[in-house]
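Numbering (the numbering used here), first residue to last: 296 to 471.
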Amino acid sequence: MKNIGLTLLSLLVLLPFASRADERALLVVAEAVEINAQPAEVWKFVKRFDGLKDWHPAFAKSEIIKGRDGHVGAVRALTVKDGPTFTEELLAINDASMAYTYDIIESPLPLDRYQSTMTVKPNSSGGTTVTWIGTFVRKNPRDNLAEGESDAGAVKFISGAYAGGLQNLKKVMESK
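So, in structure tokens, the structure goes:
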């Protein structure tokens with residue numbers, strides 16, 4: 296959990312500089328889950344860039360449409376169970392630190408400049424902490440937007456997506 300604090304602190308220090316170009320606030324979401332499984336086992340499962348459908352309940356399909364799974368530049372198409380599709384690119388992956396970073400290329404979400412990092416770390420109880428951190432801005436810079444398009448609505452939506460996925464990952468990993 297200490298790593299989450301350091302990462303968030305770093306992001307918060309950079310926030311004022313990152314949003315100056317177009318005055319939209321850079322929003323940050325961080326969720327974490329403790330899993331009673333070994334970090335290497337969890338990493339082996341979550342690092343598959345085409346494997347999100349295997350543990351995130353919102354996705355029906357995940358496939359690599361460009362490049363190779365596990366290699367920088369790989370592009371995945373994610374199909375949500377109710378139909379919309381997301382296209383995401385793997386920007387970085389590091390087996391030694393058990394982390395990867397990706398961005399959204401195309402999606403139906405009212406967000407821009409979305410980038411997310413997932414990390415897997417050992418925790419003090421002998422298990423694993425998985426952290427999912429994302430940054431993004433709203434597409435529409437106007438005020439007085441519908442709740443789903445406001446800063447608070449966007450943060451709530453992404454936070455819910457991360458938390459739901461991580462809770463299901465915990466369930467999947469602990470039932471193995």
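Where a beta carbon is used, it is the ideal one built from N, C-alpha and C, also for glycine.
Please read all numbers here as calculations on a predicted model, not as lab measurements.
Practice task
Please determine if the segment 347-358 and the segment 456-468 are in contact, where contact requires at least 3 C-beta pairs separated by less than 8 Å.
Solution key: yes
Problem - Residues near D361 by beta carbon distance below 6 Å, same chain, minus five either side - result: According to the sequence as given, residue 361 is Lys; it is not Asp. Only V370 meet the Cβ criterion.
Practice task
Return the CA-CA distance between L385 and G365, expressed in angstroms with no decimal places.
Solution key: 8 Å
Handout entry: N- and C-terminal bounds of the beta strand (DSSP E) containing D446
Key = Segment D446 to E469 is the alpha helix (DSSP H) holding D446; no beta strand (DSSP E) there.
Handout entry: Range covered by the alpha helix (DSSP H) that runs through W338
Key = P334 to V341
Practice task
Assuming I280 contacts G422 (C-beta within less than 8 Å), just tell me the rounded distance between them.
Solution key: In the structure displayed, the chain extends from 296 to 471; residue 280 sits before or after that span and is not available.
Handout entry: Closest Cα partner of L348 within the set M393, E401 and A372
Key = What sits at residue 348 in the sequence shown is Lys, not Leu. The shortest C-alpha separation from K348 is found at A372.
Practice task
Determine the closest residue to M468 out of I453, E336 and Y409, with distance taken between C-alpha atoms.
Solution key: E336
Practice task
Measuring alpha carbon to alpha carbon, tell me which of G455, D377 and A449 ends up nearest N435.
Solution key: A449
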